[in-house]
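Chains W and C supply the protein sequences, listed in that same order. Take any residue in the first sequence, count from 1 to its spot, add 344: that is its number in this note's numbering. Take any residue in the second sequence, count from 1 to its spot, add 344: that is its number in this note's numbering. Note that beta-carbon positions come from the ideal geometry of N, C-alpha and C, so glycine has one too. Note that the coordinates shown come from a computational prediction; the quantities given were computed from them, not determined experimentally. Read through the structure below, which is laid out as structure tokens, and then see the notes.
Protein chains: 2
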Amino acid sequence: MQNYRRTLLMASLLVPLLSCQHTQPKSENIQISEQLQQQALASSLAYDLVESLTVEVGPRLAGSEKDLIAVQWAEDKLTTLGFDKVYKEPVKVPVWDRGDAKAMVVAPYPQGLVITALGGSVATPIDGITAPIVRFDTLAALKAAPEGALTGKIAFIDHKTERHTTGKGYGKTVGGRSRGAVAAASKGALAIVIRSIGTDHDRMAHTGAMRYQDDVPRIPAAALSSPDADQLNLMLKRDENVVLQLKMSPQSHGYATSYNVIAEVTGATKPDEIVLIGAHLDSWDEGTGALDDGAGVGIVTAAGKLIQDLPQKPARTIRVVLYAAEELGLIGGKAYAKAHKDELAKHYIAAESDFGAGLIYQIDYRVSEQAFKDVLAISKPMTANGVAMGTNTASGGPDVSMLPKQGVPVASLRQDGRDYFDYHHTPNDTLDKVNPESLQQNVAAYAQFAYLMAQSEIDLRPLATK
Amino acid sequence: MQNYRRTLLMASLLVPLLSCQHTQPKSENIQISEQLQQQALASSLAYDLVESLTVEVGPRLAGSEKDLIAVQWAEDKLTTLGFDKVYKEPVKVPVWDRGDAKAMVVAPYPQGLVITALGGSVATPIDGITAPIVRFDTLAALKAAPEGALTGKIAFIDHKTERHTTGKGYGKTVGGRSRGAVAAASKGALAIVIRSIGTDHDRMAHTGAMRYQDDVPRIPAAALSSPDADQLNLMLKRDENVVLQLKMSPQSHGYATSYNVIAEVTGATKPDEIVLIGAHLDSWDEGTGALDDGAGVGIVTAAGKLIQDLPQKPARTIRVVLYAAEELGLIGGKAYAKAHKDELAKHYIAAESDFGAGLIYQIDYRVSEQAFKDVLAISKPMTANGVAMGTNTASGGPDVSMLPKQGVPVASLRQDGRDYFDYHHTPNDTLDKVNPESLQQNVAAYAQFAYLMAQSEIDLRPLATK
């Protein structure tokens, strides 16, 4: 971090020096973008917002009482910050309550294990489910098991998530979490436990959404902490008959109304054209949602506020969207796309911050092939903030990932996610994991991105096919 | 670790080279000591023992059913390993059951906190205790509060434990855990919560023993995880009236019998003189006691086994003592000192391994002033294993710490404890935290120490006054 700060400082000193050597005067867009960067790096607003949200609201599972307190918090903050417009849009969300989750090895070596229910899981009977486990390396291996191979058993998917800067290890294992229960139940399993989709060695299980399928029995689904998954392996090495007892009491309670909370800086000359920067307001219930996605809320709100406070508004409207219920299946993102269907043609570009508080090292776009080079050219001021120019294959972030299908250009501001999956969806997702300095660098990147896009004269459509 | 291995390899290559340049033949003691080092660094026995204990027994709170399973495990292992003698000695231990512990902030920002009961704590009433908190920087600050200052309140000691190689931060804060409840109750408090005595930022609370005093009311006592203590501070910054609800159901159930489990390598020429190397068999109930003190059990057992297997037994007897109920107040250590009162004069020296699995960087002694230099001289072969020669101020480890008062010399084999208090007394004390290579270096050090002491011709008594 220290080295990064030094590099950044040197870069910011060099930029004016180098530009003096140019004969062309610097464009106003570049000047303002540089000014936004400097302001962002000097401001604690994003961190203050994350602190306020995590302390004063805390965990805010979509559909819970706390979710509505978070919505009120967001409306109040955005209003106090003086955005041109602040409003909210209703989103229908399922209500699910975690209850308790306990696991015990009954044989051969009785002892407790640390588990957590996967989001949306059904409960076990009150007396629990007691059955031998059958271990699989991966979801694919489970799917390849013969029909009925799991009858009367508890499936155990033991896929280890690899650590990568990009977070790409998550994509390889998360299917076991989201689709494992359906796969296991279709082979006759009574329940499923998975090694947590995480990169840590802490004795905390990682929750996260899972899905059922109408024609397949709904079985309880839980994640084991990494040391507890290790423990099962060490038992299986000694005795293939490892019997587990699971007692889980989560409950679903129908649906509730949550809200996407939205703030705008009204564009000066093209107010109906939108540059969307988003994050999600909901969190899982066990941590305080500092990294996921308090950080994103702080970053895009602080970036929008810097632009709101410019003496001259940018051409296009900047829309800050704090999405509802991302964790339960991008519900706020889908609701936004539906509610704003007729306006999507006017969405110039969209990006979501939902990967913690690590430094942004690269920006990827998804625009037309023709526009790509020009977009990189106008994004160049971001390099002084440590952001490299990337590819034309962005997905834009979870809640905007459905927009490219409808022709909307997106950008992905890539964060260093090496430790993101150490904390993701655990009780450990707390404020102390947020680095205030890298948060500032994120705000600088989002402010520059949003401003430059709002001023851009490039036609970004139609999107390149991936 | 890589660097350490390289250094060690170079050292082991240099030792024979250098010794070739000597004109004096190497003494047999030095040769055997070097051979023990090499064997230890090539053996996985200590790790295999830690794995076996943590997987097949798991958590083993003194006085619990699991404690007796651990005693049986130890007897079986020591017998199978072929020690000359294996026996056990009864120890009376209190029985305490953790039950559940929940904490909620009731006002100003309702949310759950992560706590754990301190060992020996009484329960709250079933409906819990709901009261405002009063924060203190330290136990000393609490003690300095006016009489009755805590009437109707919950005390909160917020002392942060500093990270040090020696672990000395623990000594500065642990009084808040062991004596906080008495101090708080004597000022009228209804309960006490402390910032965990730990150096991590994980959302896990650290348990550990606490004491009551007959003339002071017994109040419930719990530890908060470090992020939860931070959370209370951030709430207090906003509103001094922070109201907590504690619900805890631990229970005491009288006393049970546990055992010190003992193995011996019978000395060849002075069998009644004892070199004691110990560790404790019990653990807290939330982790699997891998670092505390599975590692110690593995280290001293494997060290003893290497000496057992020598073609020629050392002069003195090597006694491996696996103590009962260290965590509940050095109960096994005290029982041993009492049961062996008449034999203590024949204890040549004693040392306990109870500080995890970090590398040993130094050996300290507590012997006579006269003997100290000579003892360091005969300990020199340990330097090839990375162990520096230290001071004459050792305490010897918890379960032998009462022996110097009775004239018994002790040694402290100092381990790198920088991360020990990240995991200490938490669910996170699991096998994955044990580094197999540093465990081997520990075994080498204990084997060399025990052998050299068993062969020593130095009179170590009377002990130097500290």
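Pairwise C-alpha distance: Gly552(C) and Tyr667(C): Position 323 of the second sequence holds residue 667(C). Position 208 of the second sequence holds residue 552(C). Computed Cα separation, rounded: 17 Å.
Quick check: the segment 537-557 of chain W against the segment 397-409 of chain W, are there 3 or more CB pairs under 8 Å? Fewer than three pairs of CB atoms, one per stretch, sit closer than 8 Å, so the segment 537-557 of chain W makes no contact with the segment 397-409 of chain W.
How is Thr367(C) classed by DSSP in three states: helix, strand or coil? Stepping through the second sequence from its first residue, residue 367(C) is reached at position 23. Note on Thr367(C): pLDDT 45, under 50, position unreliable in the model; no value is reported.
Where does Asn585(C) land, buried or exposed, given buried means 16+ other C-beta within 10 angstroms? Locating residue 585(C) in the second sequence gives position 241, counting from the first residue. Label assigned to Asn585(C): exposed.
Contacts of Thr774(W) in chain C (Cβ-Cβ under 7 Å): If you number the first sequence from 1, residue 774(W) lands on position 430. Chain C residues near Thr774(W): Arg547 and Pro571.
Below-8 Å beta-carbon distance, Val537(C) vs any chain D residue: Any reference to chain D falls outside this structure, whose protein chains are W and C.
Segment contact flag, the segment 761-775 of chain C with the segment 707-717 of chain C, C-beta cutoff 8 Å, min 3 pairs: no
Using a beta-carbon distance below 8 Å, is Val754(C) in contact with chain W? Indexing the second sequence from 1 puts residue 754(C) at position 410. Val754(C) does not count as touching chain W.
At which residues does the beta strand (DSSP E) containing Arg758(C) begin and terminate? In the second sequence, residue 758(C) corresponds to position 414, counting from 1. Under the DSSP assignment, Arg758(C) falls in the beta strand (DSSP E) whose first and last residues are Val754 to Gln759.
Are the segment 433-448 of chain C and the segment 484-496 of chain W touching, with three or more C-beta to C-beta distances below 8 Å? no
Grab the span of the alpha helix (DSSP H) containing Pro571(C) for me, first residue to last. Position 227 of the second sequence, counted from the first residue, corresponds to residue 571(C). Ser570 to Arg582 is the span of the alpha helix (DSSP H), which, as asked, contains Pro571(C).
Among the residues of its own chain, which have a CB less than 6 Å from the CB of Gly402(C), if the five just before and after it don't count? In the second sequence, counting from the first residue as 1, residue 402(C) sits at position 58. Result list for Gly402(C): Thr632, in chain order.
Quick one: complete alpha helix (DSSP H) runs, 4+ long, within the segment 472-536 of chain C? Runs found: 483-487 and 512-529.
Can you tell me the Cβ-Cβ gap for Ser712(C) and Ala808(C), rounded? I've got them flagged as a contact below 8 Å. As a first step, residue 712(C) is located in the second sequence; it is residue number 368 there, counting from the start. As a first step, residue 808(C) is located in the second sequence; it is residue number 464 there, counting from the start. 6 Å between Cβ atoms; contact.
Relative to the C-alpha of Val394(W), which residue among Gly734(W), Ile722(W), His624(W) and Gln656(W) is closest? Counting from 1 along the first sequence, the entry for residue 394(W) is found at position 50. Cα-wise, what sits closest to Val394(W) is His624(W).
What are the start and end residues of the alpha helix (DSSP H) that includes Lys649(W)? Indexing the first sequence from 1 puts residue 649(W) at position 305. It spans Ala639 to Gln652 - the alpha helix (DSSP H) in which Lys649(W) sits, taken as one unbroken run.
With 16 other Cβ atoms within 10 Å as the buried cut-off, status of Gly598(C): Position 254 of the second sequence, counted from the first residue, corresponds to residue 598(C). With fewer than 16 Cβ atoms within 10 Å of its Cβ, Gly598(C) is classed as exposed.
Less than 8 Å separating the beta-carbons of Leu590(C) and Ala527(C)? Start at 1 with the first residue of the second sequence, and residue 590(C) comes out as number 246. Start at 1 with the first residue of the second sequence, and residue 527(C) comes out as number 183. Going by C-beta atoms, Leu590(C) is not nearer than 8 Å to Ala527(C).
Is it the case that the Cβ atoms of Thr774(C) and Ala634(C) are separated by a distance below 8 Å? Residue numbering aside, residue 774(C) sits at position 430 when the second sequence is read from its first letter. Residue numbering aside, residue 634(C) sits at position 290 when the second sequence is read from its first letter. Going by C-beta atoms, Thr774(C) is nearer than 8 Å to Ala634(C).
With three or more beta-carbon pairs closer than 8 Å as the criterion, would you say the segment 466-474 of chain W touches the segment 662-682 of chain W? no
Could you check whether Glu617(C) and Lys295(C) sit closer than 8 Å to each other, using their CB atoms as the reference points? The question about residue 295(C) has no answer, for chain C in this structure spans 345 to 810.
Within 10 angstroms of its Cβ, does Lys581(W) collect 16 or more other Cβ (buried), or is it exposed? Start at 1 with the first residue of the first sequence, and residue 581(W) comes out as number 237. By the 10 Å Cβ count, Lys581(W) comes out exposed.
Do the segment 727-741 of chain W and the segment 509-519 of chain W make contact, defined as three or more Cβ pairs closer than 8 Å? no
Is there contact here, the segment 738-745 of chain C with the segment 781-790 of chain C, by at least three beta-carbon pairs under 8 Å? no
Which word fits Glu372(C), buried or exposed, when buried means at least 16 other C-beta atoms lie within 10 angstroms of its C-beta? The residue you call residue 372(C) lines up with position 28 of the second sequence. When all chains shown are included, Glu372(C) counts as exposed.
Can you list the residues of chain W that Leu674(C) reaches, using a CB-CB cut of under 9 Å? In the second sequence, the residue the question calls residue 674(C) occupies position 330. Going along chain W, no residue has its Cβ under 9 Å from Leu674(C), so there is no contact; the nearest lies around 26 Å.
Looking at the structure shown, is Ser723(C) part of a helix, part of a strand, or coil, going by DSSP? Sequence index remark: in the second sequence, residue 723(C) carries index 379 (1-based). Correct three-state label for Ser723(C): helix.
Element boundaries [beta strand (DSSP E), containing Gln825(W)]: Given that chain W is displayed from residue 345 to residue 810, the structure contains no residue 825(W) and the question cannot be resolved.
Can you list the residues of chain W that Glu309(C) reaches, using a CB-CB cut of under 7 Å? Since the displayed chain C opens at 345 and closes at 810, residue 309(C) lies outside it and no answer follows.
Using a Cβ cut-off of 8 Å, pull out every chain C residue sitting near Glu395(W), in sequence order please. Here residue 395(W) refers to the residue found at position 51 when the first sequence is read from its first residue. Within chain C, the residues near Glu395(W) are Leu578.
With a CB to CB cut of under 8 Å and the five nearest residues on each side skipped, what residues in its chain are close to Leu747(W)? One-based indexing of the first sequence puts residue 747(W) at position 403. Correct list, in chain order: Ala681, Leu688, His691, Ala694, Gly740 and Val754.
Helix or strand or just coil, what does DSSP make of Leu688(C)? What you label residue 688(C) is simply residue 344 of the second sequence in a count that begins at 1. It is helical.
What residues of chain W sit near Asp574(C), judged by a beta carbon separation below 8 Å? As a first step, residue 574(C) must be located in the second sequence, where it is residue number 230. Within chain W, the residues near Asp574(C) are Thr774, Leu775 and Asp776.
Within 8 Å of any Cβ in chain W, is that where the Cβ of Val458(C) sits? Numbered from 1 along the second sequence, position 114 holds the residue referred to as residue 458(C). Yes, contact with chain W.
Ordered list of alpha helix (DSSP H) runs contained in the segment 365-430 of chain W, each at least 4 residues: 372-385, 389-396 and 409-424
Nearest-angstrom Cα separation, counted from Phe427(C) out to Leu412(C): Within the second sequence, the letter at position 68 stands for residue 412(C). Within the second sequence, the letter at position 83 stands for residue 427(C). Distance between the alpha carbons of Leu412(C) and Phe427(C): 21 Å.
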